[in-house]
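The opening position of the sequence shown corresponds to residue 84 in our numbering, with each subsequent residue numbered one higher. For glycine and all other residues, C-beta sits at the position ideal for the given N, C-alpha and C. Structure record follows, encoded as structure tokens.
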Amino acid sequence: MIWKENRENSYCEITPAILALKEQWEKKNFIDPRLYKEYNVKRGLRDEDGRGVLTGLTRVAEIQSYNVTGESNHEHITPAEGVLYYRGIDVRDIVRGSSARGRFAFEEAAYLLLFGELPTEEQLQDFCVQLASYRTLPTNFFRDVIMKNPPRDLMNTMQRGILTLFCYDDKPNDIGLENVLRQCLQLTSNMPVLAIYAYQAWRYSQGESLFIHVPQPELSTAENFLRMLREDRGYTKLEARVLDVALVLHADHGGGNNSTFTNHVVTSSGTDTYSAIAAAMSSLKGPRHGGANSKVMAMMDDIKTHVKNWEDTGAVADYLKKMLNKEAFDRSGLIYGLGHAVYTQSDPRCEVFRDYVTRLATEKHREAELALYANVERVGKELLMERRHKSAMSTNIDFYSGFVYEMLGLPMELYTPLFAVARIAGWSAHRMEELTSGGKLIRPRYECVEEHRSFVPMENR
């Protein structure tokens with residue numbers, strides 16, 4: 084009777100029938116956490132010492148965050164300064180090298196990730212021309228796809244756009260290397276367009292004026308992003324440079340991060356490029372992966388509200404202690420942006436970014452807020468190391484990236500989409516690597532802990 088009564092309810096309403104089914108689900112779906120230890124399950128594919136379980140090989144990117152000494156059965160792990168390599172080259176050198184030459188680096192980093200070598204000047208120019216030629220969506224795509232349903236979340240709107248591009252492709256299911264490369268380059272070119280157009284459509288759905296700027300072929304990805312975002316199309320040289328550095332630092336993070344591993348898993352099934360990238364986007368959307376800087380921003384806004392004197396180290400420490408005691412902010416007991424699942428002593432991306440944060444804060448006259456960030460970082464790390472009995476702790480790049488995006492005038496709705504604009508370069512490189520080097524369907528094992536039972540006839544239930 085409960086099903087008949089709820090037939091006319093709203094599509095999105097939590098009906099009594101759904102609540103009844105939820106209660107039924109809860110009765111039979113609890114797994115005792117102690118069983119994970121008993122079966123030696125690596126929860127989250129992490130070892131007890133925090134290292135990731137080895138699930139594959141890659142030449143695309145590498146993270147070094149600790150030193151390992153001793154024999155395999157008696158290994159000793161010690162914290163170390165973090166290093167991020169793109170194709171064996173320190174990402175810090177990529178940023179410094181481009182800065183010394185006064186050029187943007189994201190396209191150069193994307194070329195390196197895809198093809199394994201730093202491009203010559205001619206190769207880089209040809210690559211940028213190729214990307215520019217692809218940086219256009221099909222006719223009426225904005226009207227028919229992006230504007231069709233008002234966006235509620237930009238990541239979902241971008242995913243819908245990516246999956247719809249499948250329908251415009253003459254060879255969507257062809258996983259030959261040359262075709263996949265063509266698809267990846269097209270998606271790399273159009274990811275910033277999808278992000279900005281999705282945001283403009285969202286603004287329009289909120290009652291704001293609609294303006295659409297066409298990307299310019301002679302501009303870099305960072306420049307086009309700012310130009311398409313702003314009504315006056317204007318940006319400073321420093322703004323574009325800082326955004327370019329952010330794209331470089333987020334372009335890849337090894338094969339084990341959640342979205343890239345998702346890309347590997349889905350690619351191993353032999354599916355098309357659009358589906359694989361949309362799956363990676365689904366992973367990145369999750370707040371545990373791509374939404375960390377938004378959490379930092381919300382946390383800092385809360386601190387600004389409750390700590391009246393930002394220069395008072397004691398007041399900052401007192402409020403951070405309340406947060407750690409689950410008495411303030413979201414009561415999670417966390418200080419967002421401090422500590423990292425992989426890095427131990429330092430996040431190299433944060434160390435590179437720090438100088439640009441300072442320069443941008445000076446240009447925007449936001450030095451007081453930058454000083455508060457530095458205060459929270461220093462005091463917060465001291466408190467966390469004391470409570471967790473650690474001798475070192477890294478500051479995540481997410482601690483500062485949200486502040487940078489806010490200074491650039493980026494709305495919070497675009498923070499995670501911007502992450503995707505950068506990470507598409509790494510996803511593309513890993514997809515091509517999986518297609519050529521993987522060779523097997525990725526299929527890990529799950530142990531079933533349900534008891535065996537006999538079938539009971541309907542009349543006896």
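Given residue i, which residues of its chain have a CB within under 7 Å of its CB, disregarding the five upstream and five downstream residues?
i	result
I525	H347, V348, S351
T441	L453
S272	L214, Y217, R218
Y149	I160, T161, P162, A163, T427
F249	P255, D355, Y357
M382	F412, Y419
Is DSSP giving residue i helix, strand or coil here?
i	result
P431	helix
V379	helix
V151	strand
Y168	strand
M84	The predicted position of M84 is uncertain, since its pLDDT is 45 and thus under 50; a value taken from the coordinates is nonetheless stated next. Coil, per DSSP.
G521	helix
R544	coil
H336	coil
G416	coil
R218	coil
H513	helix
D173	strand
R129	strand
P255	coil
G199	coil
For a test of your reading of the model: does the CB of residue i fall under 6 Å from any non-hydrogen atom of the ligand MG? Yes or no.
i	result
A284	The ligand MG is absent from the structure shown, which contains no ligand whatsoever.
Among the options, whose alpha-carbon lies nearest the alpha-carbon of residue i?
i	options	result
G244	D115, M364, M495	M364
D481	P162, E452, L467, E460	E460
V328	C95, G185, D130	G185
L137	R442, G339, L237	G339
E200	V462, G171, F486, M230	G171
E314	L467, G369, R286	R286
Q428	K405, I160, A475	A475
F486	L443, Y280, V151	L443
M552	C531, N392, V379	Nothing can be reported for residue 552, as the shown portion of the chain is limited to 84 through 544.
G492	D252, R371, N543, K447	K447
If you follow the alpha helix (DSSP H) that residue i is part of, which residue opens it and which one closes it?
i	result
S358	356–368
Y318	Careful: Y318 lies outside any alpha helix (DSSP H) and carries neither H nor E.
P99	99–110
R226	Premise fails: R226 is in no alpha helix (DSSP H) and is neither H nor E.
M468	450–471
L246	237–248
G397	396–407
D481	481–490
A281	260–288
Measure how close the beta-carbons of residue i and residue j come, nearest whole angstrom, since I'm counting them as under 8 Å.
i	j	result
L518	V435	Actually they do not touch by this definition, with Cβ atoms about 31 Å apart.
I418	L467	6 Å
L237	Y282	6 Å
Taking 6 Å as the limit between beta carbons, can you name the residues of its chain near residue i, skipping five residues before and five after?
i	result
E394	none
Sorted by chain position, which residues of the same chain lie with C-beta nearer than 8 Å to residue i's C-beta, five sequence neighbours on each side aside?
i	result
T343	D335, H336, G337, A363, R506, G509, W510, H513
Y169	V143, A144, I177, A192, L195, L196, A334, D335
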